[in-house]
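Going left to right, the sequence shown walks through residues 1 to 265 as full-length UniProt numbering numbers them. Below is one structure, written out as C-alpha coordinates; the observations come after it.
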Amino acid sequence: MQENSLPLRTVQVIRYVTPLREGGSLPAIAEADDGFLYVLKFRGAGQGVKSLIAELVGGEIARTLGIRIPEIVFAQLDEAFGRTEGDEEIQDLLRASEGLNLGLHYLSGSMTYDPSVGTVDPLLASKIVWMDCLLTNVDRTARNTNMLMWHRELWLIDHGASLYFHHSWDNWAERALSSFSQVKDHVLLPQATELAQVDAAFKQLLTPERIRTIVNTIPDEWLTGDAQPEPPQALRDVYYQFLVRRLENSEIFIKAANDARQTLI
(Lines of atoms letter the chains of each structure in order from A and count residues from 1; the text may use other names and numbers.)
(Lines give C-alpha, C1' and ligand atoms only; values in the text may rest on other atoms or scores of the structure.)
Protein backbone atom coordinates (compact mmCIF):
# COMPACT_ATOMS: atom_id res chain seq x y z
CA MET A 1 0.00 0.00 0.00
CA GLN A 2 1.24 3.48 -0.86
CA GLU A 3 1.88 6.15 1.74
CA ASN A 4 -0.93 8.67 2.16
CA SER A 5 -3.63 6.16 1.22
CA LEU A 6 -7.00 5.28 2.72
CA PRO A 7 -6.97 2.79 5.62
CA LEU A 8 -9.30 0.27 4.00
CA ARG A 9 -9.71 -3.04 5.79
CA THR A 10 -8.68 -6.33 4.20
CA VAL A 11 -10.85 -9.39 4.85
CA GLN A 12 -10.43 -13.05 4.00
CA VAL A 13 -13.28 -14.61 2.03
CA ILE A 14 -14.36 -17.83 3.74
CA ARG A 15 -17.68 -18.73 2.09
CA TYR A 16 -19.32 -18.16 -1.28
CA VAL A 17 -23.00 -17.65 -0.45
CA THR A 18 -24.90 -16.94 -3.65
CA PRO A 19 -24.29 -15.36 -7.06
CA LEU A 20 -25.92 -12.11 -8.07
CA ARG A 21 -26.43 -12.71 -11.75
CA GLU A 22 -26.71 -9.09 -12.80
CA GLY A 23 -24.79 -7.81 -15.79
CA GLY A 24 -21.60 -9.39 -17.03
CA SER A 25 -19.50 -9.17 -13.86
CA LEU A 26 -21.19 -11.97 -11.88
CA PRO A 27 -20.82 -10.43 -8.41
CA ALA A 28 -21.75 -12.60 -5.45
CA ILE A 29 -22.68 -12.42 -1.82
CA ALA A 30 -19.84 -13.86 0.22
CA GLU A 31 -18.98 -14.21 3.89
CA ALA A 32 -15.65 -13.00 5.25
CA ASP A 33 -13.63 -13.89 8.30
CA ASP A 34 -14.97 -10.83 10.17
CA GLY A 35 -18.44 -12.39 10.22
CA PHE A 36 -20.01 -9.95 7.78
CA LEU A 37 -21.49 -10.49 4.33
CA TYR A 38 -20.16 -8.59 1.33
CA VAL A 39 -21.11 -8.09 -2.28
CA LEU A 40 -17.91 -9.40 -3.83
CA LYS A 41 -16.60 -7.97 -7.09
CA PHE A 42 -14.19 -10.36 -8.81
CA ARG A 43 -10.98 -9.44 -10.57
CA GLY A 44 -11.52 -12.38 -12.96
CA ALA A 45 -14.89 -11.15 -14.25
CA GLY A 46 -16.05 -8.77 -16.93
CA GLN A 47 -13.64 -5.87 -17.27
CA GLY A 48 -11.28 -7.37 -14.70
CA VAL A 49 -9.32 -5.22 -12.28
CA LYS A 50 -10.24 -2.01 -14.06
CA SER A 51 -13.81 -2.34 -12.87
CA LEU A 52 -12.46 -2.84 -9.35
CA ILE A 53 -10.33 0.30 -9.68
CA ALA A 54 -13.36 2.27 -10.86
CA GLU A 55 -15.42 0.83 -8.01
CA LEU A 56 -12.81 1.81 -5.45
CA VAL A 57 -12.12 5.31 -6.77
CA GLY A 58 -15.76 6.12 -7.51
CA GLY A 59 -16.99 4.78 -4.21
CA GLU A 60 -14.47 6.64 -2.10
CA ILE A 61 -15.08 9.88 -3.99
CA ALA A 62 -18.78 9.44 -3.20
CA ARG A 63 -17.93 8.94 0.47
CA THR A 64 -15.73 12.05 0.46
CA LEU A 65 -18.67 14.04 -0.92
CA GLY A 66 -20.98 12.81 1.83
CA ILE A 67 -23.06 10.52 -0.38
CA ARG A 68 -24.00 7.23 1.24
CA ILE A 69 -22.13 4.15 0.03
CA PRO A 70 -21.49 0.82 1.77
CA GLU A 71 -18.08 0.23 3.31
CA ILE A 72 -15.52 -0.88 0.73
CA VAL A 73 -12.98 -3.53 1.70
CA PHE A 74 -10.21 -5.45 0.01
CA ALA A 75 -11.20 -9.12 -0.15
CA GLN A 76 -8.52 -11.81 -0.32
CA LEU A 77 -9.43 -14.99 -2.20
CA ASP A 78 -7.12 -17.95 -1.63
CA GLU A 79 -6.22 -20.59 -4.19
CA ALA A 80 -8.17 -23.31 -2.39
CA PHE A 81 -11.36 -21.28 -2.22
CA GLY A 82 -14.14 -22.49 -4.47
CA ARG A 83 -12.73 -25.91 -5.32
CA THR A 84 -15.93 -27.47 -4.05
CA GLU A 85 -18.17 -25.14 -6.06
CA GLY A 86 -20.40 -27.26 -8.29
CA ASP A 87 -21.14 -24.64 -10.93
CA GLU A 88 -18.32 -24.78 -13.47
CA GLU A 89 -18.81 -21.17 -14.57
CA ILE A 90 -18.52 -19.94 -11.00
CA GLN A 91 -15.57 -22.23 -10.33
CA ASP A 92 -13.75 -20.78 -13.34
CA LEU A 93 -14.53 -17.27 -12.09
CA LEU A 94 -13.17 -18.02 -8.63
CA ARG A 95 -10.05 -19.61 -10.05
CA ALA A 96 -9.41 -16.52 -12.18
CA SER A 97 -9.94 -14.27 -9.17
CA GLU A 98 -7.32 -15.61 -6.77
CA GLY A 99 -5.67 -12.78 -4.90
CA LEU A 100 -7.03 -9.38 -4.00
CA ASN A 101 -10.62 -8.57 -4.94
CA LEU A 102 -13.07 -5.93 -3.73
CA GLY A 103 -16.12 -6.15 -1.51
CA LEU A 104 -18.93 -3.82 -0.48
CA HIS A 105 -20.74 -4.35 2.79
CA TYR A 106 -24.00 -6.17 2.04
CA LEU A 107 -27.04 -4.04 2.93
CA SER A 108 -29.38 -6.78 4.05
CA GLY A 109 -33.02 -5.98 3.36
CA SER A 110 -32.29 -3.14 0.94
CA MET A 111 -34.39 -2.63 -2.18
CA THR A 112 -33.48 -1.27 -5.60
CA TYR A 113 -34.46 2.37 -6.00
CA ASP A 114 -37.44 2.64 -8.34
CA PRO A 115 -37.80 6.09 -9.96
CA SER A 116 -41.45 5.36 -10.79
CA VAL A 117 -42.26 4.98 -7.10
CA GLY A 118 -40.30 7.73 -5.40
CA THR A 119 -38.39 10.92 -6.18
CA VAL A 120 -35.07 12.17 -4.89
CA ASP A 121 -34.57 15.57 -3.31
CA PRO A 122 -33.21 18.02 -5.91
CA LEU A 123 -30.06 18.75 -3.91
CA LEU A 124 -29.20 15.07 -3.48
CA ALA A 125 -30.07 14.38 -7.13
CA SER A 126 -27.73 17.19 -8.15
CA LYS A 127 -24.94 15.79 -6.00
CA ILE A 128 -25.23 12.37 -7.60
CA VAL A 129 -25.47 13.73 -11.16
CA TRP A 130 -22.46 16.00 -10.57
CA MET A 131 -20.39 13.12 -9.22
CA ASP A 132 -21.35 10.77 -12.05
CA CYS A 133 -20.40 13.44 -14.58
CA LEU A 134 -17.02 13.82 -12.90
CA LEU A 135 -16.49 10.06 -12.96
CA THR A 136 -18.02 9.61 -16.44
CA ASN A 137 -20.25 6.94 -14.95
CA VAL A 138 -22.45 5.61 -17.76
CA ASP A 139 -24.41 3.21 -15.56
CA ARG A 140 -27.01 5.11 -13.54
CA THR A 141 -30.00 4.90 -15.87
CA ALA A 142 -33.68 4.14 -15.40
CA ARG A 143 -32.93 0.63 -16.64
CA ASN A 144 -30.21 0.12 -14.03
CA THR A 145 -30.20 2.76 -11.30
CA ASN A 146 -27.43 1.25 -9.14
CA MET A 147 -29.07 2.83 -6.11
CA LEU A 148 -30.63 1.13 -3.11
CA MET A 149 -33.15 2.19 -0.50
CA TRP A 150 -32.03 1.00 2.92
CA HIS A 151 -33.65 2.17 6.17
CA ARG A 152 -35.46 4.84 4.12
CA GLU A 153 -32.19 6.32 2.89
CA LEU A 154 -30.64 6.30 -0.57
CA TRP A 155 -27.36 4.42 -1.00
CA LEU A 156 -25.18 4.20 -4.10
CA ILE A 157 -23.61 1.00 -5.39
CA ASP A 158 -21.65 -0.21 -8.40
CA HIS A 159 -19.30 2.37 -9.89
CA GLY A 160 -17.47 -0.20 -12.00
CA ALA A 161 -18.53 1.47 -15.25
CA SER A 162 -16.89 4.76 -14.29
CA LEU A 163 -13.57 6.14 -15.60
CA TYR A 164 -14.03 4.34 -18.89
CA PHE A 165 -11.04 6.19 -20.37
CA HIS A 166 -8.80 3.60 -18.69
CA HIS A 167 -9.98 0.81 -20.96
CA SER A 168 -7.80 2.21 -23.73
CA TRP A 169 -5.70 4.99 -22.09
CA ASP A 170 -5.79 6.86 -25.41
CA ASN A 171 -6.06 10.65 -25.21
CA TRP A 172 -6.91 10.61 -21.52
CA ALA A 173 -6.07 14.32 -21.18
CA GLU A 174 -8.55 15.26 -23.89
CA ARG A 175 -11.15 12.91 -22.44
CA ALA A 176 -10.82 14.68 -19.11
CA LEU A 177 -12.38 17.69 -20.83
CA SER A 178 -15.27 15.80 -22.40
CA SER A 179 -18.79 17.07 -21.85
CA PHE A 180 -20.08 13.58 -20.95
CA SER A 181 -23.03 13.44 -23.32
CA GLN A 182 -24.31 10.24 -21.67
CA VAL A 183 -25.65 12.37 -18.83
CA LYS A 184 -28.82 12.68 -20.90
CA ASP A 185 -29.72 9.14 -19.78
CA HIS A 186 -29.07 9.71 -16.07
CA VAL A 187 -32.07 8.62 -14.02
CA LEU A 188 -31.84 11.64 -11.68
CA LEU A 189 -31.17 14.33 -14.28
CA PRO A 190 -34.75 15.72 -14.29
CA GLN A 191 -34.44 16.53 -10.57
CA ALA A 192 -30.86 17.86 -10.69
CA THR A 193 -31.64 21.58 -10.43
CA GLU A 194 -28.83 22.58 -8.05
CA LEU A 195 -25.69 21.71 -10.00
CA ALA A 196 -24.04 25.13 -9.64
CA GLN A 197 -24.54 25.10 -5.87
CA VAL A 198 -23.21 21.55 -5.62
CA ASP A 199 -20.19 22.41 -7.77
CA ALA A 200 -19.05 25.14 -5.41
CA ALA A 201 -19.51 22.97 -2.32
CA PHE A 202 -17.88 19.86 -3.75
CA LYS A 203 -14.76 21.67 -4.88
CA GLN A 204 -14.16 22.49 -1.22
CA LEU A 205 -14.48 18.81 -0.25
CA LEU A 206 -12.79 17.05 -3.14
CA THR A 207 -9.38 18.66 -3.02
CA PRO A 208 -6.41 17.51 -5.13
CA GLU A 209 -4.88 16.18 -1.91
CA ARG A 210 -7.93 14.03 -1.26
CA ILE A 211 -7.91 12.74 -4.83
CA ARG A 212 -4.25 11.80 -4.43
CA THR A 213 -5.06 9.87 -1.24
CA ILE A 214 -7.84 7.96 -2.99
CA VAL A 215 -5.83 6.98 -6.06
CA ASN A 216 -2.86 6.02 -3.86
CA THR A 217 -5.14 3.34 -2.39
CA ILE A 218 -5.26 1.42 -5.69
CA PRO A 219 -3.20 -1.75 -5.05
CA ASP A 220 -0.08 -2.39 -7.12
CA GLU A 221 -1.38 -5.78 -8.22
CA TRP A 222 -4.38 -4.13 -9.90
CA LEU A 223 -2.01 -1.95 -11.93
CA THR A 224 0.38 -4.59 -13.21
CA GLY A 225 0.07 -7.30 -15.82
CA ASP A 226 -1.69 -5.06 -18.34
CA ALA A 227 -0.36 -4.25 -21.79
CA GLN A 228 0.74 -0.88 -20.41
CA PRO A 229 4.48 -0.83 -19.64
CA GLU A 230 4.21 2.00 -17.09
CA PRO A 231 4.87 1.24 -13.41
CA PRO A 232 1.93 1.36 -10.96
CA GLN A 233 2.69 4.83 -9.65
CA ALA A 234 2.74 6.27 -13.17
CA LEU A 235 -0.75 4.90 -13.75
CA ARG A 236 -1.96 6.28 -10.43
CA ASP A 237 -0.67 9.63 -11.60
CA VAL A 238 -2.84 9.38 -14.73
CA TYR A 239 -5.95 8.74 -12.62
CA TYR A 240 -5.00 11.68 -10.42
CA GLN A 241 -4.37 14.05 -13.32
CA PHE A 242 -7.56 12.96 -15.11
CA LEU A 243 -9.72 13.67 -12.07
CA VAL A 244 -8.01 16.94 -11.13
CA ARG A 245 -8.22 18.26 -14.68
CA ARG A 246 -11.87 17.26 -14.91
CA LEU A 247 -12.60 18.89 -11.56
CA GLU A 248 -10.88 22.12 -12.58
CA ASN A 249 -13.00 22.25 -15.73
CA SER A 250 -16.30 21.15 -14.22
CA GLU A 251 -18.19 23.92 -15.99
CA ILE A 252 -17.93 21.81 -19.16
CA PHE A 253 -19.93 18.88 -17.80
CA ILE A 254 -22.26 21.09 -15.78
CA LYS A 255 -23.29 22.93 -18.94
CA ALA A 256 -23.83 19.61 -20.74
CA ALA A 257 -25.99 18.35 -17.87
CA ASN A 258 -28.07 21.52 -17.72
CA ASP A 259 -28.53 21.55 -21.50
CA ALA A 260 -29.60 17.89 -21.46
CA ARG A 261 -32.00 18.58 -18.61
CA GLN A 262 -33.67 21.40 -20.54
CA THR A 263 -34.59 18.96 -23.29
CA LEU A 264 -36.41 16.80 -20.73
CA ILE A 265 -38.58 19.44 -19.07
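Using N, Cα and C, we set each Cβ at its ideal position, and we do this for glycine too. Since this is a predicted model, take the numbers as computed values, not measurements.
Query	Result
Tell me the DSSP secondary structure of V120 in three-state form.	coil
Give a yes or no on contact between the segment 195 to 211 and the segment 142 to 149, applying the rule of three or more CB pairs nearer than 8 Å.	no
Below 9 Å between beta carbons: does that hold for L40 and V13?	yes
Could you check the C-alpha separation between V57 and V215 for me, to the nearest Å?	7 Å
Out of I252, F253, P70, S250, point me to the one whose CA is closest to H159's CA.	P70
Within its chain, find whatever has a CB closer than 7 Å to the CB of T119; leave out the 5 residues flanking it on each side and keep chain order.	Q191
How about T73 and R9: are their beta carbons less than 9 Å apart?	Residue identity differs from the one stated: residue 73 is Val in this sequence, not Thr. Yes.
Leaving out five residues on either side along the sequence, give the residues of the same chain with a beta carbon under 7 Å from the beta carbon of G99.	R43, L77, E221
Using the C-alpha atoms, what's the distance from D87 back to A173?	43 Å
Tell me, to the nearest whole angstrom, how far the beta carbon of T213 is from that of N4; I am working on the premise that it is less than 8 Å.	5 Å
Can you tell me which of the three DSSP states W169 falls into?	coil
For a quick check, are the C-beta atoms of V183 and A125 less than 9 Å apart?	no
Please report the residue range of the alpha helix (DSSP H) in which N258 lies.	250 to 262
Taking the alpha-carbon positions, what's the I90 to L264 distance?	42 Å
Ignoring anything shorter than 4 residues, give me the alpha helix (DSSP H) runs that lie fully in the segment 13 to 84, in order along the chain.	49 to 64
For V129, which of S181, Y240, Q241 has the nearest alpha-carbon?	S181
Taking L163 as the reference, which of G103, L123, V138 has the closest Cα?	V138
For N137, which of helix, strand or coil comes out of DSSP?	coil
Among T207, V11, G109, D132, which has the Cα closest to the Cα of D185?	D132
Looking only at C-alpha atoms, which of L134, D121, V244 sits nearest to E153?	D121
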